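First residue of the sequence shown: 1, per the working numbering; consecutive thereafter. Ideal Cβ placement from N, Cα and C applies to all residues, glycine included. It should be emphasised that the depicted structure is a prediction, and the values quoted were computed from it without experimental measurement.
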Amino acid sequence: MKTLLTLLILSVVTTSASAVEPEWNQFRGGRGDGSSRANGIPTTWSETKNVAWKTAIWGKAWSSPVVWKNRIWVTTATADGRRLAVMCLDKTTGKILHDQTVFRPVKPQYGDPFNSYASSTAWVEEGRVYIHFGSLGTACLDTETYKVLWKRNDLPCNHFRGAASSVSIYGNQMFLPFDGSDVQYVVALDKRTGKTLWRTDRNVDFGGLGGAHRKAFCTARVITHNGRTQVIIPAALATMSYDPATGKELWRVMHGGANTACPALFHKGAVLQQRRCHQSADGRPTRRPRRCHQDPRQWQRCGDFPPGRQSSSGDAIYMVNNDGIASCSTPQPAHRWARRLTGKYSASPTLVGERVFCFEEEKGLCHVFAATRTLPETGHQHA
Numbered sequence: 001m002k003t004l005l006t007l008l009i010l011s012v013v014t015t016s017a018s019a020v021e022p023e024w025n026q027f028r029g030g031r032g033d034g035s036s037r038a039n040g041i042p043t044t045w046s047e048t049k050n051v052a053w054k055t056a057i058w059g060k061a062w063s064s065p066v067v068w069k070n071r072i073w074v075t076t077a078t079a080d081g082r083r084l085a086v087m088c089l090d091k092t093t094g095k096i097l098h099d100q101t102v103f104r105p106v107k108p109q110y111g112d113p114f115n116s117y118a119s120s121t122a123w124v125e126e127g128r129v130y131i132h133f134g135s136l137g138t139a140c141l142d143t144e145t146y147k148v149l150w151k152r153n154d155l156p157c158n159h160f161r162g163a164a165s166s167v168s169i170y171g172n173q174m175f176l177p178f179d180g181s182d183v184q185y186v187v188a189l190d191k192r193t194g195k196t197l198w199r200t201d202r203n204v205d206f207g208g209l210g211g212a213h214r215k216a217f218c219t220a221r222v223i224t225h226n227g228r229t230q231v232i233i234p235a236a237l238a239t240m241s242y243d244p245a246t247g248k249e250l251w252r253v254m255h256g257g258a259n260t261a262c263p264a265l266f267h268k269g270a271v272l273q274q275r276r277c278h279q280s281a282d283g284r285p286t287r288r289p290r291r292c293h294q295d296p297r298q299w300q301r302c303g304d305f306p307p308g309r310q311s312s313s314g315d316a317i318y319m320v321n322n323d324g325i326a327s328c329s330t331p332q333p334a335h336r337w338a339r340r341l342t343g344k345y346s347a348s349p350t351l352v353g354e355r356v357f358c359f360e361e362e363k364g365l366c367h368v369f370a371a372t373r374t375l376p377e378t379g380h381q382h383a
């Protein structure tokens with residue numbers, strides 16, 4: 001597996017985007033759903049065409065870059081987890097402006113080779129960048145001086161196969177889930193000081209299941225509906241909603257499945273969360289998950305297409321799973337189309353304008369197809 005990463009920026013032919021387009025400052029972008037309304041993004045590129053610059057990043061990291069104004073921030077780590085760092089690059093030139101090791105764990109937890117010690121994406125805003133490496137450390141840096149303003153490494157959790165939940169912020173609160181094989185809880189930190197505001201245990205009945213069956217990798221999603229703000233955080237076996245001020249659980253849905261990685265989507269008053277269906281040998285669904293107290297579920301789809309990482313556009317959800325099956329789903333009817341792409345996938349699809357970009361993990365291919373509810377044609381090229 002390659003340990004030298006490359007940060008590649010495509011040259012934008014036309015830079016006209018929506019006046020209200022947010023910065024790509026967090027995991028899955030400013031809206032948290034993997035979408036952008038930017039125009040003029042190239043759909044083909046090569047070593048000599050439509051690439052503004054390319055900069056090598058040391059280490060092994062599956063985290064995503066985040067952007068604020070003319071700076072790009074990205075976390076990285078050594079393959080053994082003994083050096084956890086954050087880097088800052090100039091968005092225009094790709095020049096490395098800063099490279100700082102923030103944590104040096106003496107005895108890092110075991111990390112699955114498929115994962116990395118820097119898989120959690122940072123959050124950047126005016127004057128501050130927040131980085132997270134699971135139980136190995138969380139920190140806040142000044143974006144101008146690069147000074148570490150606070151850091152924590154006292155939030156225990158056996159990540160079993162590594163951490164991946166990213167930073168989520170609402171107001172002055174930072175929400176971090178710790179869904180390990182030993183403990184499962186959510187904390188809210190004061191983003192200004194790093195102090196714990198509240199901690200709430202997940203309290204899931206695993207019925208004897210252990211190890212990976214208790215794991216989740218999800219990032220918190222903050223929504224406001226009918227005047228009430230909620231923090232939605234999927235876990236193993238269930239998805240929970242919390243009061244951001246107190247950490248009180250508002251509701252939960254028991255849906256089964258573990259190793260959940262996709263944050264929830266929110267659209268027209270509905271929380272959309274993918275999960276694994278209970279399937280027979282031929283892949284058909286055999287039973288549906290049980291309801292529980294305060295279960296707000298309105299509808300569900302348990303079909304014969306595999307769930308995967310997701311991005312949304314209006315009522316449509318575009319997904320691609322590990323084996324490269326891309327699909328489009330909508331509430332009515334619940335399934336539109338599915339088709340196989342080339343390669344294996346871990347990254348979520350990104351919706352830019354009316355195009356969906358899916359980057360595969362082995363050969364650097366990117367499939368680009370139209371965001372349509374009918375089966376689209378696809379093109380691909382080396383990234």
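Buried or exposed by the 16-neighbour rule on C-beta atoms within 10 Å, applied to residue i
i    : result
L375 : exposed
R199 : exposed
L63  : According to the sequence provided, residue 63 is Ser. The question's Leu does not apply to it. When all chains shown are included, S63 counts as buried.
F206 : exposed
F114 : exposed
K69  : exposed
P244 : buried
R228 : exposed
K54  : exposed
A164 : buried
Y110 : exposed
D112 : exposed
A326 : buried
C292 : At C292 the pLDDT is 43, less than 50, meaning the model places this residue with poor confidence; the figure from the coordinates comes in the next sentence. Exposed is the call here.
S46  : exposed
V106 : exposed
E377 : exposed
D33  : buried
A212 : exposed
Spatial distance of residue i from residue j (CA atoms)
i    : j    : result
S329 : P108 : 40 Å
A56  : A258 : 34 Å
D386 : G134 : Examination of residue 386 is not possible in this model, given that the chain is present from 1 through 383 alone.
G59  : H367 : 26 Å
K151 : Y242 : 25 Å
D315 : V253 : 22 Å
G40  : A338 : 27 Å
L341 : A118 : 27 Å
T394 : N172 : Missing from the structure shown is residue 394; the chain here goes from 1 to 383 and no further.
G308 : V352 : Because the pLDDT of G308 is 48, which lies under 50, any placement of that residue in the model is unreliable, and the number read from its coordinates should be weighed accordingly. In a straight line, the C-alpha of G308 is about 19 Å away from that of V352.
G81  : H159 : 13 Å
Y130 : T138 : 7 Å
V183 : R161 : 14 Å
A132 : F103 : It is His, not Ala, that sits at residue 132 in the sequence shown. Answer to the nearest angstrom: the Cα atoms are 10 Å apart.
E125 : E362 : 32 Å
T143 : W73  : 10 Å
Contacting residues, own chain, Cβ-Cβ under 6 Å from residue i (five flanking each side not counted)
i    : result
A347 : F359
S166 : F27, S120, T121 and T219
Residues bridged to residue i (per DSSP)
i    : result
I41  : Beta-bridge pairing links I41 to no other residue.
W150 : C140
K363 : In the DSSP output, where bridge partners are listed per residue, K363 has none listed.
Cβ-based neighbour list, residue i, same chain, cut-off 7 Å, excluding 5 preceding and 5 following
i    : result
G29  : S35 and S36
P234 : A216, C218, T260, A264 and Q273
K147 : L141
E354 : A370 and A371
T93  : W53
R31  : P22
Cutoff 8 Å: residue i Cβ touching any chain D Cβ
i   : result
S64 : In the structure shown, chain D cannot be found, because there is only a single protein chain.
Assumed close pair residue i, residue j - CB separation to whole angstroms, cut-off 8 Å
i    : j    : result
T239 : A220 : In fact, because the Cβ distance is near 11 Å, the residues do not count as touching under 8 Å.
F266 : I223 : 4 Å
Y185 : F178 : 5 Å
T75  : V86  : 5 Å
V204 : L237 : 5 Å
C157 : G194 : That pair is no contact at about 17 Å.
Spatial neighbours of residue i in its chain, beta-carbon cut-off 8 Å, leaving aside the 5 residues before and after
i    : result
W322 : First, the residue type needs correcting, since residue 322 is Asn and not Trp in the sequence shown. So the list reads G308, K344, Y345 and S346, once near-sequence residues are dropped.
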